[in-house]
Amino acid sequence: MFGMFRSLWQYRHFVLSSIRNELVSRFARSKLGGLWMIINPLSQVLIYALILSNILSAKLPGIDNKYAYAIYLMAGLLAWNLFSEIISRCLTLFIEQGNLIKKMSFPRITLPAIVIGSCGLNNILLFISMLGIFALLGHQFSLTMLWLIPLTFIVIILALGIGLILGIMNVFLRDIGQAFPIIFQIWFWFTPIVYPENIIPESYRHWLVLNPMYAITNAYHQVLVYNKAPNMDSLINTAAIAVVLALLSLFLFRRASAEMVDVL
Numbered sequence: 116m117f118g119m120f121r122s123l124w125q126y127r128h129f130v131l132s133s134i135r136n137e138l139v140s141r142f143a144r145s146k147l148g149g150l151w152m153i154i155n156p157l158s159q160v161l162i163y164a165l166i167l168s169n170i171l172s173a174k175l176p177g178i179d180n181k182y183a184y185a186i187y188l189m190a191g192l193l194a195w196n197l198f199s200e201i202i203s204r205c206l207t208l209f210i211e212q213g214n215l216i217k218k219m220s221f222p223r224i225t226l227p228a229i230v231i232g233s234c235g236l237n238n239i240l241l242f243i244s245m246l247g248i249f250a251l252l253g254h255q256f257s258l259t260m261l262w263l264i265p266l267t268f269i270v271i272i273l274a275l276g277i278g279l280i281l282g283i284m285n286v287f288l289r290d291i292g293q294a295f296p297i298i299f300q301i302w303f304w305f306t307p308i309v310y311p312e313n314i315i316p317e318s319y320r321h322w323l324v325l326n327p328m329y330a331i332t333n334a335y336h337q338v339l340v341y342n343k344a345p346n347m348d349s350l351i352n353t354a355a356i357a358v359v360l361a362l363l364s365l366f367l368f369r370r371a372s373a374e375m376v377d378v379l
């Protein structure tokens with residue numbers, strides 16, 4: 116496993132140039148360029164805010180801002196968009212890069228590294244744009260926002276673990292790629308992002324602990340909406356799950372690399 120990380124370091128220039136080339140090619144003929152990376156999630160926020168803000172704003176205690184629901188929604192989507200983008204891209208990564216994998220000799224671990232770099236850059240740009248919107252809406256910032264650094268790493272590790280496992284399985288069983296988007300939509304709606312958790316009947320709230328993204332989105336809400344430090348107990352459990360899944364995915368990736376080439 117250490118050999119994979121050593122190879123990744125040796126090919127760091129390949130990873131960086133691939134991330135740059137991907138961004139350039141994606142917006143080569145676009146007038147708005149990189150703005151499209153933030154227009155889509157922000158338009159999603161606008162739609163939900165226009166439809167649900169009057170209904171759910173009263174469900175957000177402790178926020179003295181008439182745009183509280185929009186702020187709450189943007190905070191949750193910041194975490195979820197990074198998580199979903201990494202998983203979605205890893206899901207089809209090896210299939211889409213099949214020709215490259217078969218024709219060129221290079222460390223395969225660079226492929227998920229490129230995905231992480233590209234998705235991480237998208238998330239940073241989205242975060243910067245959200246800060247501008249928060250300022251326009253009169254929302255206050257504090258140093259608790261520095262918690263987003265470790266929170267982002269937890270999201271990346273968790274998404275990488277799940278994404279690589281599913282991506283490897285998808286090479287051998289293509290039904291995975293068809294079924295997971297449906298499961299992912301269900302997962303999204305069972306995570307308190309569009310709605311606050313206090314609208315869930317108390318007798319059912321204990322089920323939320325089974326959702327690893329609940330602890331993360333709740334932490335994003337605490338940091339960005341309420342300017343408070345996140346709950347460390349739930350975060351530690353989620354971080355432990357993320358590390359275990361990431362290590363398992365790297366083990367499977369190493370064992371299955373040769374067989375994937377044959378199947379592709």
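For the sequence shown, position 200 matches number 315 in my numbering, and the numbering has no gaps at all.
Beta carbons: idealized from backbone N, C-alpha and C, even for Gly.
What is the rounded straight-line gap between the Cα of isoleucine 224 and the Cα of leucine 266?
When rounded, the distance between both Cα atoms is 23 Å.
For isoleucine 356, which residues of its own chain have a beta-carbon under 8 Å away from its beta-carbon, when the five flanking residues on both sides are left out?
Closer than 8 Å at the Cβ level, and outside the excluded window around isoleucine 356, lie Leu273, Pro327.
Going by DSSP in three states, alanine 330 sits in which element: helix, strand or coil?
Here alanine 330 sits in helix by DSSP.
Leaving out the 5 sequence neighbours to the left and right, which residues in its chain are closer than 7 Å to alanine 228 when beta-carbon positions are compared?
Closer than 7 Å at Cβ, skipping near neighbours: Leu123, Val130.
Do the region 200 to 219 and the region 280 to 293 meet, that is, are 3 or more Cβ pairs less than 8 Å apart?
The region 200 to 219, when compared against the region 280 to 293, does touch it at the 8 Å Cβ threshold.
What is the rounded straight-line gap between the Cα of isoleucine 314 and the Cα of proline 307?
Isoleucine 314 and proline 307: Cα-Cα distance of roughly 9 Å.
Mapping DSSP to helix, strand and coil, what is asparagine 182?
The displayed chain sequence assigns tyrosine, not asparagine, to residue 182. Coil, per DSSP.
Classify leucine 258: buried if its beta carbon has 16 or more other beta carbons within 10 angstroms, exposed otherwise.
With fewer than 16 Cβ atoms within 10 Å of its Cβ, leucine 258 is classed as exposed.
At what residue ranges does the region 175 to 239 contain a whole run of the alpha helix (DSSP H), taking only runs of 4 or more?
Counting only runs of 4 or more, we get 183 to 206, 208 to 211, 213 to 218.
At the level of alpha carbons, what is the spacing between serine 203 and glycine 278?
Each residue's Cα considered, the two are about 7 Å apart.
How long is the line joining the alpha carbons of leucine 252 and leucine 263, rounded to whole angstroms?
Cα to Cα, the separation comes out at about 20 Å.
Consult DSSP for leucine 365 and reduce its assignment to one of helix, strand or coil.
Correct three-state label for leucine 365: helix.
In whole angstroms, what is the alpha-carbon distance linking methionine 189 and valine 340?
So the two alpha carbons sit approximately 9 Å from each other.
Runs of 4 residues minimum, wholly inside the region 235 to 291: which ones carry the alpha helix (DSSP H) assignment?
Entirely contained in the region 235 to 291, the alpha helix (DSSP H) runs reaching 4 residues are, in chain order, 263 to 287.
Less than 8 Å between C-beta atoms, sequence neighbours within five positions excluded: which residues of the same chain meet that for glutamine 212?
Cβ within range, chain order: Leu226.
What separation, rounded to the nearest whole angstrom, lies between the Cα atoms of leucine 215 and alanine 183?
Computed Cα separation, rounded: 47 Å.
Identify whether valine 376 lies in helix, strand or coil by the three-state DSSP scheme.
It is helical.
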